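Remarks on the structure that follows.
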Amino acid sequence: MQNPLRSEAEAFRFLVVVVAGAIVVAGASFVNTWLAVAAAVVAIGGVIVWLVRGPVTTEHAPVLVSGTPGGTHRVLLVAERGTSGIAGRIDARTTDVLVVVPALVSTVKSLTGAVDDERNEAERTAEALAGDLSRAGLEARGVVGADDTVLAIEDALREFGADEIVLAMGDDALLAKARERFAMPVSRL
Amino acid sequence: MSTHAEHLPQGHDSHDHHGPPTPHYSSRIAPPVLGMFLFIGTEIMLFGSFFTAYFFVRVVHGTPWPPQQFHLPRFVALVNTSILVTSSFTMHWALKSIKRGNVWGLRAGLLLTFLMGLTFLITQAIEYSRVGFNTGDGSFATIFFCLTGLHGAHVFVGLTILGFMTIRAFRGHFSPEHHHGVEIGGIYWHFVDVMWIVVYLTVYIL
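Protein chains in written order, with this note's numbering: chain R, 1 to 189; chain V, 1001 to 1206.
What follows is the structure, encoded as structure tokens:
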């Protein structure tokens, strides 16, 4: 869904759309007041559909520069259940890692709350990955994330100020979504 | 320490930072924009309460709009609407100009926007003095003055913001990289315009 007040450009575009709708309503009012009311209802509905279905065009904010002290590089590593053997693929300058394994489940399991098996497996993966990274000399710990990958990253960032997000899962769409949502570098292993 | 914004002073890190830690900033929506968004949300609720009163008076209570003895100055309001909508175009032009590094475009755009906003407000004040009814002349008059007056108050606030923006523009405070003050003020000004179109349609046209 578009946010018509996200930027001046989008607010202006929203205004132009509203002006177009207003012209239709004003024109209908010359015929009949109730026709104008009907036109207003249709115009409001059209604007809502436009807001919901329209493409989201945003002016990208610059990627934020790290503020961590020199010699420290904190990575938020996002992996799916069952991932292993990625300790050697982490950037050499990394010092701290928080491993997040989202507990992704099917919609039915999410609705019924039958997520214990998936969460346990996610926990095992997170602990195993954190153990591998610790043995490689990094400060690492693992946590289980929400059942939505972007939400899991968002939750993790609230307590872990990462300099970089590294995805060890997902496709290009997830990568693009994460880059859109988070203001730090995002890459994929 | 977490990631923080680019504009912090050089050498600023966790060792020389005093007070609460810098809030973590993961969203691509800048905090000032988010603040303006929330503010406008409250504004929509405020206008919504006035429109509720309008619909109650007109639809539920069935008050004639306008009552036979009164006349709404539709043409003057239409001219005023045109002025306000045009001011949004100059506002947009001002922001486009500073993004391209055209400082004089920014200054001219903001000045024109301010002057058109001022014209709108003065015209509305003159319209009030000549409209032929006052706030105490029944529910129609009360709602008319409440809705248009509430919007007029917002135009006044917008003009104040525009005034500061214009002064800052002439003092050279904005650049292609730093023009957030124009962006935020522009969002507010477009919102005020959108609200006027809704007020104009409901009060004068329908």
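Built from N, CA and C at the ideal position, the CB exists for glycine as well.
These figures come from a predicted structure and were not determined experimentally.
Any C-beta of chain V sitting closer than 8 Å to the C-beta of Ala26 (chain R)?
Position 26 of the first sequence, counted from the start, is the residue given in the question as residue 26 (chain R). So yes, Ala26 (chain R) belongs to the interface.
Pick helix, strand or coil for Phe1133 (chain V), following the three-state DSSP scheme.
Position 133 of the second sequence holds residue 1133 (chain V). Looking at Phe1133 (chain V) - three-state DSSP - the assignment turns out to be coil, as it is neither helix nor strand.
For Leu104 (chain R) and Glu80 (chain R), believed in contact at Cβ under 8 Å, the rounded distance:
Taking the first residue of the first sequence as position 1, residue 80 (chain R) is located at position 80. Taking the first residue of the first sequence as position 1, residue 104 (chain R) is located at position 104. 7 Å between Cβ atoms; contact.
Grouping DSSP H, G and I as helix and E and B as strand, with all else coil, what is Ile86 (chain R)?
For this step, residue 86 (chain R) is matched to residue 86 along the first sequence. Coil at Ile86 (chain R), not helix or strand.
Quick check on this structure: which residue in V:Leu1162, V:Tyr1188, V:Ile1205 and V:Phe1140 has the alpha carbon closest to the alpha carbon of Gln1068 (chain V)?
In the second sequence, counting from the first residue as 1, residue 1068 (chain V) sits at position 68. Taking only the C-alpha atoms, the option nearest Gln1068 (chain V) is V:Phe1140.
If I'm right that Thr1162 (chain V) touches Gly1185 (chain V) with Cβ under 8 Å, what's the distance once you round it to whole angstroms?
Counting from 1 along the second sequence, the entry for residue 1162 (chain V) is found at position 162. Counting from 1 along the second sequence, the entry for residue 1185 (chain V) is found at position 185. Residue identity check: residue 1162 (chain V) is Leu in the sequence provided, not Thr. That pair is a contact at about 6 Å.
Thr1148 (chain V) vs Val1199 (chain V) beta-carbon contact at 8 Å:
Within the second sequence, the letter at position 148 stands for residue 1148 (chain V). Within the second sequence, the letter at position 199 stands for residue 1199 (chain V). Yes; because the gap between Cβ atoms is below 8 Å, this pair is in contact.
Report yes or no: do the stretch 1117 to 1137 of chain V and the stretch 1166 to 1181 of chain V share at least 3 C-beta pairs separated by less than 8 Å?
Contact annotation: the stretch 1117 to 1137 of chain V does not touch the stretch 1166 to 1181 of chain V, with fewer than three C-beta pairs closer than 8 Å.
Using a Cβ-Cβ distance under 8 Å, would Val19 (chain R) count as near chain V?
For this step, residue 19 (chain R) is matched to residue 19 along the first sequence. It does; some Cβ of chain V falls within 8 Å.
Ala40 (chain R) versus chain V: which residues are under 8 Å apart at the beta carbon?
For the purposes of this step, residue 40 (chain R) is identified with residue 40 of the first sequence, where counting begins at 1. Chain V residues near Ala40 (chain R): Leu1201 and Leu1206.
Please list, in chain order, the chain R residues whose beta carbon lies closer than 8 Å to that of Ile1040 (chain V).
By one-based count along the second sequence, residue 1040 (chain V) stands at place 40. The answer, in chain order, is Leu5.
Can you tell me whether Gly137 (chain R) is buried or exposed? The criterion is at least 16 other CB atoms within 10 Å of its CB, across all chains shown.
On the first sequence, position 137 is the one that residue 137 (chain R) refers to. Gly137 (chain R) counts as exposed, since fewer than 16 other C-beta atoms from the protein chains shown sit within 10 angstroms of its C-beta.
Which residues, in chain order, does the stretch 1079 to 1096 of chain V contribute to contact with chain R at a C-beta distance below 7 Å?
Going along the stretch 1079 to 1096 of chain V in chain order, one finds Val1085, Ser1088, His1092 and Leu1095 with a Cβ nearer than 7 Å to chain R.
Give me the Cα-Cα distance between Thr1086 (chain V) and Arg93 (chain R), rounded to the nearest whole angstrom.
Counted from its first residue, the second sequence places residue 1086 (chain V) at position 86. Counted from its first residue, the first sequence places residue 93 (chain R) at position 93. Thr1086 (chain V) and Arg93 (chain R) have their C-alpha atoms roughly 54 Å apart.
Return the residue from the list V:Tyr1204, V:His1190 and V:Val1203 that minimises the CA-CA distance to Leu15 (chain R).
Taking the first sequence and counting its residues from 1, the one referred to as residue 15 (chain R) is at position 15. Leu15 (chain R) has its Cα closest to that of V:His1190, out of V:Tyr1204, V:His1190 and V:Val1203.
For Glu8 (chain R), which residues in chain V fall below 9 Å Cβ to Cβ?
Indexing the first sequence from 1 puts residue 8 (chain R) at position 8. Within 9 Å Cβ-Cβ: Met1091, His1092, Leu1095, Val1182, Glu1183, Ile1184, Gly1185, Gly1186, Ile1187, Trp1189 and His1190.
What residues in its chain sit with their C-beta under 8 Å from that of Leu1118 (chain V), if we drop five residues either side in the sequence?
Here residue 1118 (chain V) is taken as the residue at index 118 of the second sequence, counted from 1. Here the set comprises Leu1159.
Rounded to whole angstroms, what's the CA-CA distance from Ala128 (chain R) to Lys109 (chain R)? Just pull it up for me.
To locate residue 128 (chain R), count along the first sequence from 1; it is residue 128. To locate residue 109 (chain R), count along the first sequence from 1; it is residue 109. Between the alpha carbons of Ala128 (chain R) and Lys109 (chain R) lies a gap of roughly 25 Å.
Which two residues bound the contiguous alpha helix (DSSP H) that contains Arg1074 (chain V)?
Locating residue 1074 (chain V) in the second sequence gives position 74, where the first residue counts as 1. Here the alpha helix (DSSP H) through Arg1074 (chain V) covers Arg1074 to Lys1099.
By DSSP, does Leu167 (chain R) sit in helix, in strand, or in coil?
Position 167 of the first sequence, counted from the first residue, corresponds to residue 167 (chain R). If DSSP states are grouped into helix, strand and coil, Leu167 (chain R) belongs with the strands.
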